[in-house]
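Input: a single structure, listed below in C-alpha coordinates.
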Amino acid sequence: MKYYQKALALEPKNHNFLYNIGLLYAKKNDFAKAIGKFNKSIEIWNDNPYAYIALADAYEKKGDIPHALKAF
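Under the numbering used here, the first residue of the sequence shown is numbered 1418, with each subsequent residue one higher.
See the structure below:
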(Lines of atoms letter the chains of each structure in order from A and count residues from 1; the text may use other names and numbers.)
(Lines give C-alpha, C1' and ligand atoms only; values in the text may rest on other atoms or scores of the structure.)
Protein backbone atom coordinates (compact mmCIF):
# COMPACT_ATOMS: atom_id res chain seq x y z
CA MET A 1 0.00 0.00 0.00
CA LYS A 2 2.71 2.47 0.91
CA TYR A 3 4.35 2.17 -2.51
CA TYR A 4 1.06 2.87 -4.27
CA GLN A 5 0.56 5.90 -2.00
CA LYS A 6 4.02 7.18 -2.94
CA ALA A 7 3.35 6.56 -6.62
CA LEU A 8 -0.01 8.31 -6.37
CA ALA A 9 1.68 11.32 -4.78
CA LEU A 10 3.86 11.54 -7.90
CA GLU A 11 0.99 10.90 -10.34
CA PRO A 12 -2.29 11.86 -8.63
CA LYS A 13 -4.34 11.34 -11.80
CA ASN A 14 -3.13 7.82 -12.49
CA HIS A 15 -6.32 5.75 -12.65
CA ASN A 16 -4.43 2.46 -12.26
CA PHE A 17 -2.88 3.53 -8.96
CA LEU A 18 -6.29 4.66 -7.67
CA TYR A 19 -7.93 1.41 -8.78
CA ASN A 20 -5.23 -0.76 -7.18
CA ILE A 21 -5.35 1.20 -3.93
CA GLY A 22 -9.10 0.67 -3.97
CA LEU A 23 -8.57 -3.07 -4.34
CA LEU A 24 -6.22 -3.05 -1.34
CA TYR A 25 -8.75 -1.15 0.78
CA ALA A 26 -11.48 -3.59 -0.27
CA LYS A 27 -9.25 -6.51 0.69
CA LYS A 28 -8.97 -4.93 4.15
CA ASN A 29 -12.78 -4.58 4.27
CA ASP A 30 -12.50 -0.78 4.28
CA PHE A 31 -15.22 -0.37 1.71
CA ALA A 32 -15.80 3.36 2.20
CA LYS A 33 -12.19 4.13 1.24
CA ALA A 34 -12.28 1.56 -1.55
CA ILE A 35 -15.40 3.16 -3.02
CA GLY A 36 -13.75 6.57 -2.92
CA LYS A 37 -10.69 5.32 -4.81
CA PHE A 38 -12.77 3.42 -7.37
CA ASN A 39 -14.90 6.51 -8.01
CA LYS A 40 -11.82 8.69 -8.50
CA SER A 41 -10.36 6.11 -10.86
CA ILE A 42 -13.59 6.08 -12.89
CA GLU A 43 -13.69 9.90 -13.00
CA ILE A 44 -10.26 9.88 -14.65
CA TRP A 45 -10.87 6.96 -17.03
CA ASN A 46 -14.42 5.74 -17.29
CA ASP A 47 -13.72 2.93 -19.78
CA ASN A 48 -12.32 0.50 -17.21
CA PRO A 49 -14.97 -2.19 -16.69
CA TYR A 50 -12.97 -3.70 -13.82
CA ALA A 51 -13.28 -0.47 -11.83
CA TYR A 52 -17.07 -0.56 -12.19
CA ILE A 53 -17.19 -4.22 -11.13
CA ALA A 54 -14.96 -3.53 -8.13
CA LEU A 55 -17.08 -0.48 -7.22
CA ALA A 56 -20.29 -2.51 -7.39
CA ASP A 57 -18.71 -5.29 -5.33
CA ALA A 58 -17.59 -2.81 -2.66
CA TYR A 59 -21.06 -1.27 -2.47
CA GLU A 60 -22.61 -4.73 -2.21
CA LYS A 61 -20.26 -5.81 0.57
CA LYS A 62 -21.01 -2.54 2.37
CA GLY A 63 -24.70 -3.43 2.14
CA ASP A 64 -25.60 -0.61 -0.26
CA ILE A 65 -27.44 -2.60 -2.91
CA PRO A 66 -29.01 0.37 -4.76
CA HIS A 67 -25.58 1.90 -5.43
CA ALA A 68 -24.18 -1.52 -6.32
CA LEU A 69 -26.85 -1.94 -8.99
CA LYS A 70 -26.13 1.52 -10.41
CA ALA A 71 -22.41 0.71 -10.66
CA PHE A 72 -23.20 -2.33 -12.81
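Just so you know, even glycine gets a beta-carbon here, dropped at the ideal spot from N, CA and C. On a predicted model such as this, the values are computed, not experimentally measured, just so you know.
The way I'd put it, the region 1443-1451 doesn't touch the region 1424-1435; fewer than three beta-carbon pairs between them come closer than 8 Å. According to the DSSP assignment, glycine 1480 belongs to no alpha helix (DSSP H), since it is labelled neither H nor E.
Exclusion of the five residues before and after alanine 1443 leaves Ala1451, Ala1475 as the residues of its chain whose Cβ lies within less than 6 Å of its Cβ. Residue state for aspartate 1474 is assigned as helix, using DSSP reduced to three classes. Segment contact: the region 1461-1476 against the region 1432-1443, three or more CB-CB distances shorter than 8 Å; contact assigned.
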